[in-house]
Amino acid sequence: MATQTIRTTCSYCSVGCNFVATVEDGTVTSWKPDKEYPVNQGRSCPKGFNLLEPFHAEDRVTTPLLRGDDGTLRPISWDVANKEFATRLKGILDTHGPESAAFLSTGQIPMEEMAFLGALGKFGMGMVHGDGNTRQCMATAAVAYKQAFGFDAPPFTYTDFEESDYLVFLGSNAMISHPVLWNRLKGNKNEKKVVVVDPRATKTARAGDQHIQINPKGDLSFLYAVTNEIIKNGWVLQEYVDAHAAGFEELAAHVASFTPESVEEVTGLSADMTRTFAREFHEAKAASFWWTMGVNQSHQGVRTAQAMINLCVITGNIGRPGTGPNSITGQANAMGSRLFSNTTSLYAGMDFLKETDRERVAALLGIDVTRIPQQNSLPYHKILERVESGDIKALWIIATNPGHSWIDRDTLYERFKNLDFLVVQDLYHTTETAQVADLVLPAAGSGEKYGTFINSERRIGIVDKVIDPPGEAKSDFDIFKGLAEAWGVGDMFAQWETTEDIFRFLTRTSEGRPCDISGITGYEMIKERGGIQWPYPANNPDDLVHRRLFEDGKFFTADGKVNLLTTDIVPVPEPTDAAYPFVLLTGRGSTVQFHTQTRTGKVAMLLKSYPAEAYIEISPDDAERLEIADGEMVEVSSRRGTSRVAAQITDVMAPGQVFMSMHYMETNPLTFPAFDPYSFEPNYKWAAVQVRPAAQEAIR
Ligand SMILES: Nc1nc2c(c(=O)[nH]1)N[C@H]1C(S)=C(S)[C@@H](COP(=O)(O)OP(=O)(O)OC[C@H]3O[C@@H](n4cnc5c(=O)[nH]c(N)nc54)[C@H](O)[C@@H]3O)O[C@H]1N2
Ligand SMILES: Nc1nc2c(c(=O)[nH]1)N[C@H]1C(S)=C(S)[C@@H](COP(=O)(O)OP(=O)(O)OC[C@H]3O[C@@H](n4cnc5c(=O)[nH]c(N)nc54)[C@H](O)[C@@H]3O)O[C@H]1N2
Ligand code: SF4
Ligand SMILES: [Mo]
């Protein structure tokens, strides 16, 4: 009997846990969290524990599917699918130009596949526009870091979690969103305080030492008032600021008018609370911020993230153990997509607008430099606007399900009607987006193929093949290979025989860049070392298991200094009023549900732990006033639409606010399409809605 031991990285969240599979004659006989792996040290959450089950679901798409004249999707061969793709997409691009088709990708496929897509779509097929679901998720953090540090570089390593003595979770429900990371707090032996800043009394807020129940969108004012307190009380580490920061005078002037008293109304916090927070932050030996979507998905997200960066810098809480303005990433490979997807930036954070960068990539790939677009891609929402105007006529969607997850999603379906060609590449034919596609390409999931992911602490981890994909489904890598051949550009990528060839190409693109990984020789080395964090340059080998950035106080900007950036507070895009008196917040509902539920929704064990039907969380006060009983059906309306959901009365919610989880289709018809002005990330965390008991006929 042939027995294999295979280690692979979980393909749900960005914590990056590793699992060990025992495979006997092609059957997985054991699946356990890896005790040796420095990230999870033998722990896992129920999603990862059941990672392989959804790969066996009945609704896997096992052959390419083409929509016929009668409107139904029918199986076709790969040969026909590739030809159909090439003929129709090429026809559109030839007739209407390089801006008439676009792709939308993901933070969920291995880095090598992202890199292939970015090269094939742009250099091979000649498209200019390609963005991904990381726009819905991490764009704000990426832009905030880039503007402040000169590069998109989350500075921390997970041990900072264990070394901090003042941990501030701002807009993060880590206990359910990053459960294994949260668990590592147990390893923090300091006399510590965990502060959670969230409008809701989430599980995380309740598990922490203090819950600062801030008003939605009160964060920027709060952080500016805290900054002002620190400056006014002389708590600035001036030496550090003088040597390593730019813009301190402007920062001090900007925050001068924000006092704990003046922000009371907008934050909903007493002046005392803000003042105490400032003092405690100053007194901590190692203070750290940990933020996620409560910040990123906001109309002023970038500047809010930078307000945390400013605070860490002026108090010297950066580049030391246990410190840092730390953005935890979302999807398994969000960091990979930020650095190596060739969408928002050229490989390794290079710039499409820079001739030298274009020449460098062209030389490494052995292609003519004119094949590389000299312009940046449009961001996601602009791509969709061009679909609406008819300028973009074809969309190719890979490993994301915007038909469920996009903000104000009903408009998306209207827009899709304008398309001449919609291609969806997914594991399942049942996703909301695949259901409206013209062509569906059957993909293998991570667990059925090879590659690497980069987790939240910049650790490159291995994705290994544990089982075979069903039917004719194949890895996204193999799909791209086939499409390249059919397009007539197979030769351009001939040197990429395996995903590891692409990995080695990426290491070369990174040489001399902040994310330099040119010292990594290949997959074996990553396996041997239990993952490797970037940077890992050649000629500078070390045995570090954990790497933290900015220990030398040198940032990636031209002058080596970190930029302290601020902005004026602007009103929320859709204020509440008499007709729509509630603020609708949205986000993760439980540890066992992932996004649009295409995978977790198929695991019997997970299904038991959350409500099957959509629900809305509402405060006891509001429920009583509206005469709504627990479990009763209610209608939630925004200016975009109405959804019927069950009321869940809970003191998690403050009066005037309601919460719906993103895992249900009922949520995104209601959300309001506002975007951060720098990152263009959608503001999923604010819409004005009305709630009332459902009309009787609706309940029947
Ligand atoms: N179980 C599970 N885990 C996941 C995922 C999943 O779908 N399910 N998805 C993964 C991905 S891609 C991501 S991006 C992460 C997201 O992880 P999180 O960011 O932790 O998840 P969210 O629930 O979207 O938002 C976090 C919190 O922001 C709060 N919030 C809303 N508005 C504000 C505000 O104005 N100020 C502040 N301070 N807080 C606010 C919400 O109340 C919520 O508790 O999770 C990852 N992990
Ligand atoms: N209201 C509201 N909406 C939100 C959010 C919110 O907080 N509130 N959060 C936003 C955030 S942070 C995110 S990240 C997005 C997530 O939104 P989506 O990306 O739309 O969500 P997923 O369900 O993860 O979709 C991934 C798809 O890829 C498929 N897939 C998985 N693995 C592979 C693979 O290897 N290859 C291929 N080809 N396909 C694969 C899955 O079956 C699934 O259909 O949602 C956003 N939407
Ligand atoms: S915490 Fe995240 S990476 Fe770890 S097992 Fe759970 S979903 Fe997977
Ligand atoms: Mo995300």
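Residues in the sequence shown are numbered from 1 upward in steps of one, following the working numbering. Glycine included, C-beta positions come from ideal geometry on N, C-alpha and C.
- Rounded to whole angstroms, Val-440 and Ile-569 show a C-alpha spacing of 45 Å.
- Taking the Cα of Tyr-166 as reference, the smallest distance to any Cα among Leu-565, Asn-668, Asn-173, Lys-189 is reached at Lys-189.
- Contact check for Glu-162 and Phe-503: beta-carbon distance about 30 Å, past the 8 Å limit, so the pair fails to qualify.
- Listed in chain order, the beta strand (DSSP E) runs fully inside the region 142 to 228 are 166 to 170, 193 to 197, 210 to 212, counting runs of at least 3 residues.
- The C-beta distance from Pro-33 to Thr-591 rounds to 15 Å, too long to fall under 8 Å, and the pair is not in contact.
- Runs of the beta strand (DSSP E) spanning 3 or more residues and lying entirely within the region 109 to 137 occur at 129 to 132, in chain order.
- Where Lys-474 is concerned, there is no enclosing alpha helix (DSSP H), because DSSP gives it neither an H nor an E.
- Secondary structure note for Met-653: it is in no alpha helix (DSSP H), with a DSSP letter that is neither H nor E.
- Arg-692: member of the beta strand (DSSP E) spanning 688 to 693, first to last residue.
- Close CB contacts of Thr-499 within its chain, under the 6 Å cut and outside five residues either way in sequence, are with Glu-112, Tyr-450, Gly-451, Phe-477 (chain order).
- In the structure shown, the three-state DSSP call for Pro-620 is helix.
- The residue among Lys-561, Glu-239, Leu-181 with its C-alpha nearest the C-alpha of Gly-150 is Lys-561.
- Taking the Cβ atoms as the reference, Leu-104 lies roughly 5 Å from Ile-397, within the contact range of under 8 Å.
- Ile-460 and Tyr-37 have their C-alpha atoms roughly 12 Å apart.
- Phe-340: member of the alpha helix (DSSP H) spanning 334 to 340, first to last residue.
- Gly-319 and Ala-307 have their C-alpha atoms spaced approximately 17 Å apart.
- Per the Cβ contact rule, the region 223 to 233 is in contact with the region 255 to 266 (3 or more Cβ pairs under 8 Å).
- Counted as a single uninterrupted DSSP element, the stretch harbouring Ser-389 is not any beta strand (DSSP E) but the alpha helix (DSSP H) occupying residues 380 to 389.
- Positions of the beta strand (DSSP E) runs, each at least 3 residues long and wholly inside the region 413 to 441, are given as 421 to 426 in order along the chain.
- Classified as exposed, Met-525 has fewer than 16 neighbouring CB atoms from the shown chains inside 10 Å of its CB.
- Around the CB of His-663, 16 or more other CB atoms lie within 10 Å, so the residue is classed as buried.
- For the pair Met-335 and Asn-455, the CB atoms are nearer than the 8 Å cut-off.
- For the 8 Å CB-CB criterion, Ala-148 and Ile-6 do not form a contact.
- Excluding residues up to 5 positions away in sequence, Val-424, Asp-426, Val-440 lie with their Cβ nearer than 6 Å to the Cβ of Ala-434 in the same chain.
- A direct Cα-to-Cα measurement between Ala-207 and Gln-533 gives close to 30 Å.
- Per DSSP, reduced to three states, the secondary structure at Arg-588 is coil, with no helix or strand assignment.
- When DSSP states are grouped into helix, strand and coil, Phe-453 belongs to the strand group.
- Ala-86 sits close to Leu-483, with the two beta carbons spaced by under 8 Å.
- Exclusion of Gln-597 from the 7 Å shell around ligand 4 follows from its C-beta lying no nearer than that to any non-hydrogen atom of the ligand.
- Under the DSSP assignment, Met-273 falls in the alpha helix (DSSP H) whose first and last residues are 271 to 283.
- Remark: the C-beta of Gln-593 is outside contact range of ligand 4, defined as less than 7 Å to any heavy atom.
- Beta-bridge partners assigned by DSSP to Ile-397: Leu-104, Val-424.
- Where Ala-674 is concerned, there is no enclosing beta strand (DSSP E), because DSSP gives it neither an H nor an E.
- Using a Cβ distance threshold of 8 Å, Val-603 and Ile-616 do not count as a contacting pair.
- The closest CA to that of Ala-629, considering only Leu-585, Val-645, Gly-641, Ala-688, is found on Val-645.
- In this structure, DSSP gives Ser-637 an extended state, which the three-state scheme calls strand.
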